[in-house]
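Throughout the sequence shown, residue numbering follows the numbering used here, covering 2 to 223 in sequence.
Even for Gly, the Cβ is constructed at its ideal location relative to N, Cα and C.
Keep in mind that this is a model prediction, so the values were computed, not measured.
Just below is one structure, and these are the notes that go with it.
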Amino acid sequence: MRSEIQNVLFDLDGTLVDSSHTIGMSIDFALERMAVENARDKPIESMIGRPLLDIFHHEFKMTDDQAYQAIDIYRDYYDSLNQQGTDVYESIRDVLPALQKAGYRLFVATVKPTPIADKVLKDLDLRSCFDGVSGASMGPKRRDKSSIIAHAVKTFGLDPVQSIMIGDRDQDILGARENGMEAIGVTYGFGSREELSSADPAHLVDHSEQIINLLVNPDAAE
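Spelled out as structure tokens, the structure:
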């Protein structure tokens with residue numbers, strides 16, 4: 002791993018928080034309101050990390066107009082839950098201050114729209130740990146992980162060589178590489194070890210505490 006890393010970008014869902022229950026309830030509510038029969042036959046974990054537009058398009062065969070309507074319903078309901086069913090992963094509340102204390106600047110790069118991600122972090126008392134949040138746009142313009150990471154690089158003036166992405170899906174690893182960054186994959190989230198390994202991250206970790214070893218105590222990680 003590069004020794005000059007100064008900036009750490011975290012994915013949100015599946016990396017910092019387990020939001021599967023909240024997201025699942027919100028998708029099911031939107032499908033019910035949209036009168037989609039035999040609504041969800043796949044585990045919600047397989048969908049998390051993908052843009053909502055793609056989920057409603059591809060998983061539930063909605064038209065553009067239907068998908069945008071479903072997204073509005075989803076967002077209103079998700080907001081009303083106020084993170085009910087969302088949990089911060091074990092040790093994350095220790096990991097983030099440890100990285101800050103070691104001098105790293107922390108950011109979030111997520112497919113959640115920026116204002117929604119910002120609210121999630123505030124509701125869970127995590128926002129103060131981060132220098133900035135880069136999310137998807139509220140419309141379809143910026144929704145894939147590579148463009149979200151690129152937006153973070155541009156918005157916060159990051160040097161990709163001095164930055165690393167941490168996430169639980171292959172798109173986190175591939176999006177980082179497309180922006181000239183290294184990446185760490187976390188296996189405790191929603192992506193499988195096989196999915197992450199195939200994307201070839203610099204490192205894989207099975208527990209969030211291992212992130213401290215990699216970035217603060219590299220000798221202990223070897």
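In the DSSP annotation of this structure, the continuous segment of the alpha helix (DSSP H) that includes Ser-147 starts and ends at 146-157.
Taking all protein chains in view, the Cβ of Gly-104 is surrounded by fewer than 16 other Cβ atoms within 10 Å, so the residue is classified as exposed. DSSP places Arg-106 in no alpha helix (DSSP H) but in the uninterrupted beta strand (DSSP E) bounded by 106-114. The beta carbon of His-58 sits closer than 6 Å to the beta carbons of Ala-68 from its chain, once the five residues preceding and following it are set aside; these are given in chain order. Annotation for Met-26: the continuous alpha helix (DSSP H) segment containing it runs 21-34.
Contact annotation: Pro-161 and Gly-136 have beta-carbon atoms that are not nearer than 8 Å.
The alpha-carbon separation between Phe-157 and Gly-140 amounts to approximately 21 Å. DSSP lists Val-18 as the bridge partner or partners of Asp-14. In the DSSP assignment, Ile-167 falls within the unbroken beta strand (DSSP E) covering 164-168.
The alpha-carbon separation between Lys-102 and Val-217 amounts to approximately 10 Å. Apart from sequence neighbours up to five positions away, the residues of its chain that approach Arg-194 with a beta-carbon distance below 8 Å are Thr-188, Leu-205, ordered along the chain. Per DSSP, the unbroken alpha helix (DSSP H) holding Glu-195 starts and ends at 194-199. In terms of Cα proximity to Ala-31, the closest of Met-48, Ile-72, Gln-163, Arg-128 is Ile-72. Cα atoms of Leu-82 and Thr-16: separation of roughly 20 Å, rounded to the nearest angstrom.
Its chain contains Phe-61 as the residues whose beta carbon lies nearer than 7 Å to that of Val-37, once the 5 sequence neighbours on both sides are disregarded; these appear in chain order.
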